[in-house]
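Note sheet for the following structure.
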Amino acid sequence: MSSSQGLTAILEGLPYILPGIGVTMTVVGGALSMGLLLGLFLSVLHVYGNRPTRRLVGIYVWFFRGIPLLVLLFLFYFGILASLQIELSPFLVSIIVLGLISSAYQSQIIRGAILSLPEGQLKAARAIGMSDRKAIAFIVLPQALRLAIPGWTNEYTIIMKDSAVTYALGVAEIMARCNHVASRTYQHLWVYLLAGFLFLALTYVGTEVFRIVEEKVRIKGYARQEGQW
Amino acid sequence: MTNQHPVLKAENINKRYGNQEILKGVSFELNRGDIKCLIGPSGSGKSTLLHCINFLVQFDEGRIWFNGSEVNYARKHDLYAYRQKIGMIFQDFNLFDHLTALRNVQVGLVRVRKMPKKEARNRALVELERVGLKDHVMKYPAELSGGQKQRVSIARALAMDPEVMLLDEPTSALDPELIGEVHSVIQDLARGGMTMMLVTHEIGFAGSLAKEFLFMDEGVILEQGPPERILSNAECDRTREFCAKINQLHRGSG
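So the protein lines, in turn, are chains S and W.
Residue numbering for the first sequence follows my numbering, beginning at 173 and increasing consecutively.
Residue numbering for the second sequence follows my numbering, beginning at 10 and increasing consecutively.
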């Protein structure tokens, strides 16, 4: 198998493979956003809720962190949705399932960030007459979300890689399209190298974006931890 | 009407943590313009008492009256309104780290008192100027010295138009050379007639300011009276013992 045949396969396959980047990014973006909204809500309940509420959040997190993605995808798509006779596209189901899983992880990222804040600020907010709700919204979360950025960067890379599994439902993302091209051209080595490269590139771009955002929203006067030595 | 009542009255405040009794039936009154200073050894419950007054720490028994009417903390609206009227200064400042000095003072006006942003900004500037921080309004807490942070926190409390200020060891976390700037702000408040309750170990400063010292030990107010009497001629042995040490320390440090 010569490399020129591989390159030809890639070049001919590219117009078909590249739109997969958009699909992958939409799945990842959708799952991350959904995970953020839900995770934010869950983290606040987990930190400030009463005992039964905290327990419920704990069970939710345990459930979605403890079952493999592939199992959840099949369970939702072929199991739950099919038996309820609800028709959703594999694309949507993938976003929802990845979003639910991500919300479990993100709730713990944000919870950790909330717990790392000095407790005194909540007291000070109460002391000027703020309700707990306002104190959480205007004092706690703006700081916690900043602290959560490194954790999110990690979460992004994980969701990015996990999104490849959605090809099992037939979502036309990068992996699914590369798979098609590989089985048609028999250039598995080259096509899967391309798939790997595309994921690497997307991970790189994403983490850079997070890094820039982290720098942008950094509170003045706080030294960055790295590079201080 | 309000003149007939003490501004603040606490009766029989009890607080337990598990089996440990932190406050054992503490009562006191603050009349308008009163400045009272709580002294006593660490762990005697001074700080807990201050936190109980504005319900930052929930106590087990006891009642609190503000301007003659009892504070019903279960009614959230009343509690939030009451807390605005009781300014609280913490030992470690507790500034909001993500907000500039200006917005630390402004945020309560906008979010709690629903003041328009521009008006709130002007009010915040006035308060910051009052504590001598006109040139630092755009700095973040991490860019300020300890003394400046504590002054921002005083401005933040003043912006809510408090009728009483509670100061919990306001200078004990500060470098010695920064204590003076915070003391002078507190003196300004005293001159302006602010009603205050102060926990401090700066006996000299407190003596020049307070009308009355309350000596606390093991969760009770053992003795109260004018600073000179408490410091030099106390009735209880425990008070005398404590004050002798304090006096010694005070003389020693000049």
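Here a beta-carbon is modelled for each residue, glycine too, at the ideal position from N, C-alpha and C.
This one's a predicted model, so the numbers in the text were calculated from it and none came from an experiment.
- For the set S:373, S:335, S:320, the Cα lying nearest the Cα of residue 387 of chain S is the one of S:320.
- Within the same chain, Cβ atoms closer than 7 Å to the Cβ of residue 297 of chain S are found at 307, 311, the five residues on either side in sequence being excluded.
- For residue 176 of chain S, the number of other beta carbons within 10 angstroms of its own is below 16, and it is reported as exposed.
- Nearest C-alpha to residue 291 of chain S among S:220, S:239, S:246, S:349: S:220.
- Residue-level contact by beta carbon fails for residue 54 of chain W and chain S, as no gap is shorter than 8 Å.
- Residue 277 of chain S sits buried, since 16 or more C-beta atoms from the chains shown fall within 10 Å of its C-beta.
- Residue 199 of chain S counts as buried, since at least 16 other C-beta atoms from the protein chains shown sit within 10 angstroms of its C-beta.
- Residue 329 of chain S is bridged by DSSP to nothing; it lacks a bridge partner.
- Separation of residue 184 of chain S and residue 354 of chain S (C-alpha to C-alpha, rounded to the nearest whole angstrom) is 12 Å.
- DSSP links residue 140 of chain W through a beta bridge to no other residue.
- For residue 117 of chain W, the neighbours in chain S by C-beta distance under 9 Å run, in chain order, 297, 300, 301, 302.
- The C-beta separation of residue 235 of chain S from residue 269 of chain S comes to about 12 Å, leaving the pair out of contact by the 8 Å criterion.
- Judged by DSSP in its simplified three-state form, residue 204 of chain W adopts strand.
- For residue 394 of chain S, the secondary structure class from DSSP, reduced to helix, strand or coil, is coil.
- The region 108-116 of chain W makes contact with the region 149-166 of chain W; the number of CB pairs closer than 8 Å reaches 3 or more.
- Along the region 310-327 of chain S, the positions whose C-beta sits under 8 Å from a C-beta of chain W are 310, 311, 314, 315, 318, read in chain order.
- Non-local C-beta neighbours of residue 218 of chain S in its own chain, meaning closer than 7 Å and more than five positions away in sequence, comprise 226, 229, 279, 283, ordered along the chain.
- Residue 301 of chain S sits close to residue 169 of chain W, with the two beta carbons spaced by under 8 Å.
- Using a Cβ distance threshold of 8 Å, residue 161 of chain W and residue 104 of chain W count as a contacting pair.
- Using a CB distance cut-off of 8 Å, residue 89 of chain W counts as an interface residue toward chain S.
- By a beta-carbon distance limit of 8 Å, residue 223 of chain W does not contact residue 18 of chain W. Their separation comes to about 14 Å.
- Rounded to the nearest angstrom, the gap between the Cα atoms of residue 245 of chain S and residue 341 of chain S is 8 Å.
- Look at the region 120-168 of chain W and you find these whole runs of alpha helix (DSSP H), each 4 residues long or longer: 126-139, 155-167.
- Those residues of the region 55-66 of chain W placed with their C-beta closer than 7 Å to a C-beta in chain S are 63, 65, ordered along the chain.
- Residue contact check for residue 149 of chain W against chain S: a CB pair falls below 8 Å.
- Residues of the region 97-112 of chain W whose Cβ lies closer than 7 Å to any Cβ of chain S, in chain order: 97, 99, 101, 103, 105, 106, 107.
- At a cut-off of 8 Å between C-beta atoms, residue 394 of chain S counts as an interface residue with respect to chain W.
- Here residue 211 of chain W carries a coil assignment [DSSP, helix/strand/coil].
- Here the C-alpha atom of residue 175 of chain W lies approximately 57 Å from the C-alpha atom of residue 372 of chain S.
- Scanning its chain for C-beta atoms nearer than 6 Å, with the 5 sequence neighbours on each side dropped, one finds around residue 218 of chain W the residues 44, 199, in chain order.
- Between the C-alpha atoms of residue 214 of chain W and residue 203 of chain W there is a straight-line separation of about 16 Å.
- Under the Cβ criterion of 8 Å, residue 85 of chain W is counted among the residues facing chain S.
- Its chain contains 134, 137 as the residues whose beta carbon lies nearer than 8 Å to that of residue 143 of chain W, once the 5 sequence neighbours on both sides are disregarded; these appear in chain order.
- Burial state of residue 259 of chain S is exposed, judged by a 10 Å Cβ sphere holding fewer than 16 other Cβ atoms.
- The Cβ-Cβ distance between residue 22 of chain W and residue 58 of chain W falls below 8 Å.
- Under the Cβ criterion of 8 Å, residue 124 of chain W is not counted among the residues facing chain S.
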